[in-house]
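Using this note's numbering, the first residue of the first sequence is number 4, and each one after it goes up by one.
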Amino acid sequence: MTLPRDFYDRPTLDVARELLGAVLVHRHGSVVTSGVIVEVEAYIGESDPACHAARGRTTRNAPLYGAPGLSYVYLNYGIHSLVNAVTESEGHPAAVLIRALAPLDGMAIMRRRRLREMKGRRTASGGQLDDASLCRGPGNLTMAMGITLEEHQLDLSGVRLFVEPGGMPVREIAWGPRIGIRVGTEQPWRGWIAGHPAVSAHQRSG
DNA sequence: CGTTCGATGCACT
DNA sequence: GTGCATCGAACGT
Numbered sequence: 004m005t006l007p008r009d010f011y012d013r014p015t016l017d018v019a020r021e022l023l024g025a026v027l028v029h030r031h032g033s034v035v036t037s038g039v040i041v042e043v044e045a046y047i048g049e050s051d052p053a054c055h056a057a058r059g060r061t062t063r064n065a066p067l068y069g070a071p072g073l074s075y076v077y078l079n080y081g082i083h084s085l086v087n088a089v090t091e092s093e094g095h096p097a098a099v100l101i102r103a104l105a106p107l108d109g110m111a112i113m114r115r116r117r118l119r120e121m122k123g124r125r126t127a128s129g130g131q132l133d134d135a136s137l138c139r140g141p142g143n144l145t146m147a148m149g150i151t152l153e154e155h156q157l158d159l160s161g162v163r164l165f166v167e168p169g170g171m172p173v174r175e176i177a178w179g180p181r182i183g184i185r186v187g188t189e190q191p192w193r194g195w196i197a198g199h200p201a202v203s204a205h206q207r208s209g
């Protein structure tokens, strides 16, 4: 079962909460990668200074104003593709950023992609990557899953990049300030599964 | 613990 | 030209 389009046509914080514990799946040819969503952030409307729509509609952020249930992928810092799910009805720009996954399928290729990206660089751990680290962080998870700008504007209820509910039981959800932004930090719009080892940025408890 | 820094692409000013 | 919804290493305290 795949979450339908109208799942995303709702208040963004509701969508964000219910994405926790669901499974993000990427089919790239015959290669399938997936993982349980354990960390998300909500970006809601033009009044949210951290939302890409904060300064009105542009060609870049137009998909945020469009149909809910599509992917919104953009390149950040010239290096990382970040993947969002567009939420709320047309004309209401909002999205949920997927920040971390607990890997399920394709862990071998995830590890290969992550290590290839780190090639040439010295690593403190000698190039070790435990399972919980494969998709920890929004840039790391897209690297591991092979999500690029080619996955921009895909139907999340389709067959290539989609979400299935019920990946794991969610005992406790914690909420706190969003990470890595310079404005809008007063809103507790980062949600994560309390205590999960794949959550990024040291804040795993609530 | 903390801050700083380089790598890198694109949209916007 | 500036500014990022990043990452990991390096170095200071």
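Glycine is no exception: its CB is placed at the ideal position from the N, C-alpha and C atoms.
Coil, strand or helix - residue i by DSSP
{"i": "G72", "result": "coil"}
{"i": "A88", "result": "strand"}
{"i": "L133", "result": "Checking the sequence, you will find Asp at residue 133 rather than Leu. It is coil, neither helix nor strand."}
{"i": "D12", "result": "coil"}
{"i": "A98", "result": "strand"}
{"i": "R163", "result": "coil"}
Spatial distance of residue i from residue j (CA atoms)
{"i": "T151", "j": "R174", "result": "32 Å"}
{"i": "P172", "j": "I196", "result": "10 Å"}
{"i": "A56", "j": "I47", "result": "9 Å"}
{"i": "R8", "j": "V99", "result": "14 Å"}
One or two residues paired with residue i in a DSSP bridge
{"i": "N79", "result": "H83"}
{"i": "R193", "result": "E44 and G179"}
{"i": "P168", "result": "Looking at the DSSP assignment, P168 forms no beta bridge with any residue, so it has no partner."}
{"i": "P106", "result": "G38"}
{"i": "R139", "result": "A103"}
Quick check: the region 56-75 against the region 132-139, are at least 3 beta-carbon pairs closer than 8 Å?
Judged by Cβ distances under 8 Å, the region 132-139 makes no contact with the region 56-75, as fewer than three pairs qualify.
Q | Those runs of the beta strand (DSSP E) which lie wholly inside the region 14-74 and span at least 3 residues | A | Taking only runs of at least 3 residues, the beta strand (DSSP E) segments lying wholly in the region 14-74 are 26-31 and 34-47.
Item to complete: Flag this pair as touching only if the region 160-172 and the region 25-45 have three or more C-beta atom pairs under 8 Å; answer yes or no.
Response: Between the region 160-172 and the region 25-45 there are three or more C-beta pairs closer than 8 Å, enough to call the two in contact.
Contact the region 187-204 vs the region 111-121: 3+ CB pairs below 8 Å: No, they do not touch.
query: If you pair each beta-carbon of the region 76-86 with each one of the region 18-26, do three or more pairs fall below 8 Å?
result: Flag = no, the region 76-86 and the region 18-26 do not touch.
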